[in-house]
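K.L.:
Going down the list, the protein sequences come from chains A and B.
Residues in the first sequence are numbered from 269 upward in steps of one, following the numbering used here.
Residues in the second sequence are numbered from 22 upward in steps of one, following the numbering used here.
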Amino acid sequence: MDCATCERLAGAYVDGELSAGEVAAVEDALPGCPRCVQLVEQARHLRGLLRELPVETAPPLLRARIAREVRRLPSASPWQWPRLAALAASLVLAIGTGWLTASSFIANDREQQELMAAYVRIGASDHPVDVASSDRHAVKPWFAGRIDYAPPVHDLTGEGFPLEGARIDVVDGRKVALLVYRHNQHRIALVTWPARDTSPVSVASSQRDGFAMASWRHAGFELRATSDLAPSELARFALAIERAMDADR
Amino acid sequence: MSDAPNPDDTSRERFRMIVLPHLDAAYRLSRWLTRDASKAQDLTQDAVLRALRYFHAFHGEQARAWLLRIVRNTWLDGRRTERTTETLDAAEQVAADTPDPEQGAIAGDRRQIVARALSSLPQPLREILVLREIEDLSYKQIAEVLDMPIGTVMSRLARAREKLAETLVASLGRSEHGLRDL
């Protein structure tokens, strides 16, 4: 065995990842290769040092919190795929129908399901957003030519909700702007479209299948936010959006 | 909450039995990735709940590697926007906040030096050492967690060891000192 091979295998030798034949070959070669002997010793020594580090365990409170969430949170399988299928079907039906026809303000059941499906898609996708930017001047123009209205776009980093990017989704058969915000490790999906009735409606919060949802109407837009945040945090987000919209006017 | 009968109690129970035993490993990896105790808790929780949502996609692979992969992906997703400020404070914390009365001051110092050196490594080198030496994963499992070929695992581990040894020797201050002095 030449030294380059032996050097390459030294780590795997210490890690017990070589075949019996390779082990024998390395052991034959070692006496003639000071560099490889050094590598083997170094790897063993480092292992000893690293294994001396205190072994941490999950704090009891975290463990309890997770156990509680696991009891509460529904997994995606029971509803995600049927909803996606329904969404695809509604997409087919909706071709050509244009605007939303929801007459009542409170987000209806199917709309809620579609918003949740859109939210789950963000988490499930390798590309949660089609345009990744916290710069509203990059995100807002991106919608041009992709949907038939100009959605409100604001970065709320100052309020603790940085803008992550945007994508197009479909709700109730209509192509809508979906903005993705982040709060700590949580994401928020904000869907907006122009309101038919422009009188403002204040934020209504609801919870469904472990997700918090907020729906409201402000400055001529229908707004729907979905997240795995606590409802109070989502309401705070909704108010921050309103303030940013007001600042624009 | 949905008032539909939940068809999922079985899979939830399976999740509790198969995945939750690896919570400590998930927390440890979170800790070394975030280098911050409270961020590590958030990350662990997000990752475990994400794992539950996608548990239907789990087909009896190694549960620990599967969960650790989700921890890492969750962290990468989070980091894409939230650039964490990387300081050495967290590293010092790792060593400092775990008192061990049985160990003398010398061993304590040594562990602090090692923890700080590991914490200061670039993330790709840090995570692979954690998976190999602290979590004791095989190359095959590491390849699964990091989504890379086994050949890359081998070469990256070699690089990580080299870099850790360099950092440790440098932290001893004087050039005539070697790793052996630790």
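Note that the Cβ used here is the ideal one computed from N, Cα and C, for glycine as well.
Could you tell me the distance, in whole angstroms, from the CA atom of residue 164 of chain B to the CA atom of residue 173 of chain B?
P.N.:
In the second sequence, residue 164 of chain B corresponds to position 143, counting from 1. In the second sequence, residue 173 of chain B corresponds to position 152, counting from 1. Cα to Cα, residue 164 of chain B sits roughly 8 Å from residue 173 of chain B.
K.L.:
So, with DSSP's three-state summary, where would you put residue 176 of chain B?
P.N.:
Against the second sequence, residue 176 of chain B aligns to sequence position 155. Three-state result, residue 176 of chain B: helix.
K.L.:
Could you tell me the distance, in whole angstroms, from the CA atom of residue 502 of chain A to the CA atom of residue 317 of chain A?
P.N.:
Here residue 502 of chain A refers to the residue found at position 234 of the first sequence. Here residue 317 of chain A refers to the residue found at position 49 of the first sequence. The alpha-carbon atoms of residue 502 of chain A and residue 317 of chain A are separated by roughly 46 Å.
K.L.:
DSSP has residue 282 of chain A in a bridge; who is on the other side?
P.N.:
The residue you call residue 282 of chain A lines up with position 14 of the first sequence. Paired residues: none, contrary to the question.
K.L.:
Contact defined as beta carbons within less than 8 Å: I believe residue 311 of chain A pairs with residue 282 of chain A. What is the distance between those atoms, to the nearest angstrom?
P.N.:
Here the question's residue 311 of chain A lines up with position 43 in the first sequence. Here the question's residue 282 of chain A lines up with position 14 in the first sequence. Contact holds; Cβ gap of about 4 Å.
K.L.:
Smallest Cα separation from residue 297 of chain A: which of A/271, A/289, A/307?
P.N.:
Numbered from its first residue, the first sequence carries residue 297 of chain A at position 29. Comparing Cα positions, the closest option is A/271.
K.L.:
Name the one or two DSSP bridge partners that residue 462 of chain A has.
P.N.:
Along the first sequence, read from residue 1 onward, the residue named residue 462 of chain A stands at position 194. Bridge partners of residue 462 of chain A: A/489.
K.L.:
Would a check of beta-carbon distances place residue 89 of chain B closer than 9 Å to chain A?
P.N.:
What you label residue 89 of chain B is simply residue 68 of the second sequence in a count that begins at 1. So, not an interface residue.
K.L.:
Applying a beta-carbon distance threshold of less than 8 Å, which residues of chain A neighbour residue 130 of chain B?
P.N.:
Translated into the one-based positions of the second sequence, residue 130 of chain B becomes position 109. What residue 130 of chain B touches in chain A: nothing, since even the nearest Cβ is about 12 Å away.
K.L.:
In angstroms, rounded to a whole number, what distance separates the CA positions of residue 189 of chain B and residue 52 of chain B?
P.N.:
Here residue 189 of chain B corresponds to residue number 168 of the second sequence, with the count starting at 1. Here residue 52 of chain B corresponds to residue number 31 of the second sequence, with the count starting at 1. Cα-Cα distance, rounded: 21 Å.
K.L.:
Looking only at its own chain, which residues have a Cβ that is under 8 Å from the Cβ of residue 294 of chain A, when we skip the five neighbours before and after it?
P.N.:
Taking the first residue of the first sequence as position 1, residue 294 of chain A is located at position 26. For residue 294 of chain A, where only same-chain residues beyond five positions count, the Cβ hits under 8 Å are 269, 274, 277, 278, 281, 286, 304.
K.L.:
Would you list the one or two residues that DSSP bridges to residue 475 of chain A?
P.N.:
For the purposes of this step, residue 475 of chain A is taken as the residue at position 207 of the first sequence. DSSP, once it has assigned bridges, lists A/480 as partnering residue 475 of chain A.
K.L.:
Using a beta-carbon distance cut-off of less than 7 Å, what residues from the region 428–457 of chain A approach chain B?
P.N.:
Per Cβ criterion, the list reads 430, 432, 450, 452, 453.
K.L.:
Per DSSP, residue 429 of chain A forms a beta bridge with which residues?
P.N.:
Here residue 429 of chain A refers to the residue found at position 161 when the first sequence is read from its first residue. According to DSSP, which records beta bridges pairwise, residue 429 of chain A is partnered with A/424.
K.L.:
Is there at least one Cβ from chain A nearer than 9 Å to residue 148 of chain B's Cβ?
P.N.:
Counting from one through the second sequence, the residue named residue 148 of chain B turns up at place 127. Closer than 9 Å: no.
K.L.:
Can you tell me whether residue 413 of chain A is buried or exposed? The criterion is at least 16 other CB atoms within 10 Å of its CB, across all chains shown.
P.N.:
In the first sequence, the residue the question calls residue 413 of chain A occupies position 145. With fewer than 16 other Cβ atoms within 10 Å, it is exposed.
K.L.:
Please classify residue 512 of chain A: does DSSP put it in a helix, a strand, or coil?
P.N.:
Residue numbering aside, residue 512 of chain A sits at position 244 when the first sequence is read from its first letter. It is helical.
K.L.:
Would you check if the distance between the CB atom of residue 513 of chain A and the CB atom of residue 422 of chain A is smaller than 9 Å?
P.N.:
In the first sequence, residue 513 of chain A corresponds to position 245, counting from 1. In the first sequence, residue 422 of chain A corresponds to position 154, counting from 1. In contact: residue 513 of chain A and residue 422 of chain A (Cβ atoms closer than 9 Å).
K.L.:
Output the boundary residues of the beta strand (DSSP E) element that contains residue 445 of chain A.
P.N.:
The residue given as residue 445 of chain A occupies position 177 in the first sequence. Start and end: 442–451.
K.L.:
Count the other C-beta atoms from every protein chain shown that fall within 10 angstroms of the C-beta of residue 323 of chain A, then say buried if there are 16 or more, exposed otherwise.
P.N.:
Reading the first sequence from its first residue, position 55 is the one you call residue 323 of chain A. When all chains shown are included, residue 323 of chain A counts as exposed.
K.L.:
Let me know if residue 148 of chain B comes out buried or exposed under the rule of 16 or more other beta-carbons within 10 Å of its beta-carbon.
P.N.:
By 1-based counting over the second sequence, the position of residue 148 of chain B is 127. With 16 or more Cβ atoms within 10 Å of its Cβ, residue 148 of chain B is classed as buried.
K.L.:
Count the other C-beta atoms from every protein chain shown that fall within 10 angstroms of the C-beta of residue 161 of chain B, then say buried if there are 16 or more, exposed otherwise.
P.N.:
Counted from its first residue, the second sequence places residue 161 of chain B at position 140. The residue in question, residue 161 of chain B, is exposed, as its Cβ has fewer than 16 Cβ neighbours within 10 Å.
K.L.:
Identify which residue in B/200, B/176, B/140 has its Cα closest to the Cα of residue 187 of chain B.
P.N.:
The count along the second sequence starts at 1 and reaches residue 187 of chain B at position 166. When only C-alpha atoms are compared, the closest one is B/200.
K.L.:
Is residue 411 of chain A near residue 451 of chain A, with beta carbons less than 9 Å apart?
P.N.:
To locate residue 411 of chain A, count along the first sequence from 1; it is residue 143. To locate residue 451 of chain A, count along the first sequence from 1; it is residue 183. Contact: no.
K.L.:
Between residue 239 of chain A and residue 473 of chain A, what straight-line distance do the alpha-carbon atoms span, to the nearest angstrom?
P.N.:
Only positions 269 to 517 of chain A appear in the structure, and residue 239 of chain A is not among them; the question remains open.
K.L.:
Quick one: which chain A residues come within Cβ less than 7 Å of residue 36 of chain B?
P.N.:
Walking along the second sequence from the start, residue 36 of chain B turns up at place 15. Per Cβ cutoff of 7 Å: 338.
K.L.:
Once the 5 residues before and after residue 508 of chain A are set aside, which same chain residues still bring their CB inside 7 Å of it?
P.N.:
The residue given as residue 508 of chain A occupies position 240 in the first sequence. 424, 427, 429.
K.L.:
Could you please tell me which residues of the region 176–193 of chain B, in chain order, have their CB closer than 7 Å to any CB of chain A?
P.N.:
Flagged, chain order: 178, 179, 182, 185, 186.
K.L.:
Thinking just about the alpha-carbon of each residue, which of A/446, A/516, A/470 is nearest to the one in residue 397 of chain A?
P.N.:
As a first step, residue 397 of chain A must be located in the first sequence, where it is residue number 129. Ranking A/446, A/516, A/470 by Cα distance to residue 397 of chain A puts A/446 first.
K.L.:
Just checking my contact of residue 97 of chain B with residue 150 of chain B at CB under 8 Å: how many whole Å lie between their CB atoms?
P.N.:
For this step, residue 97 of chain B is matched to residue 76 along the second sequence. For this step, residue 150 of chain B is matched to residue 129 along the second sequence. At roughly 18 Å, the Cβ-Cβ gap does not stay under 8 Å, so residue 97 of chain B and residue 150 of chain B are not in contact.
K.L.:
If you draw a straight line from the alpha carbon of residue 346 of chain A to that of residue 400 of chain A, how long is it in whole angstroms?
P.N.:
On the first sequence, position 78 is the one that residue 346 of chain A refers to. On the first sequence, position 132 is the one that residue 400 of chain A refers to. Residue placement at residue 346 of chain A is poorly supported in this model, since its pLDDT is 40, which falls under 50; the coordinates are not used for a value here.
K.L.:
Anything in chain B within Cβ reach of residue 391 of chain A, meaning under 8 Å, just list it in chain order.
P.N.:
Walking along the first sequence from the start, residue 391 of chain A turns up at place 123. Here the neighbours are 71, 74.
K.L.:
Cβ of residue 396 of chain A less than 9 Å from any chain B Cβ?
P.N.:
Stepping through the first sequence from its first residue, residue 396 of chain A is reached at position 128. With 9 Å as the cut-off, residue 396 of chain A counts as an interface residue toward chain B.
K.L.:
In whole angstroms, give me the CA-to-CA distance for residue 325 of chain A and residue 180 of chain B.
P.N.:
Residue 325 of chain A sits at position 57 when you count from the first residue of the first sequence. Residue 180 of chain B sits at position 159 when you count from the first residue of the second sequence. Looking at the two C-alpha atoms, the distance is approximately 28 Å.
K.L.:
Expressed to the nearest angstrom, what Euclidean distance is found between the alpha-carbon atoms of residue 351 of chain A and residue 88 of chain B?
P.N.:
Against the first sequence, residue 351 of chain A aligns to sequence position 83. Against the second sequence, residue 88 of chain B aligns to sequence position 67. Note that residue 351 of chain A has pLDDT 48, beneath the 50 cutoff, so the model's placement of it is unreliable and no number is given.
K.L.:
Could you give the residue range of the alpha helix (DSSP H) that holds residue 145 of chain B?
P.N.:
Position 124 of the second sequence, counted from the start, is the residue given in the question as residue 145 of chain B. Note, residue 145 of chain B: alpha helix (DSSP H), 144–150.
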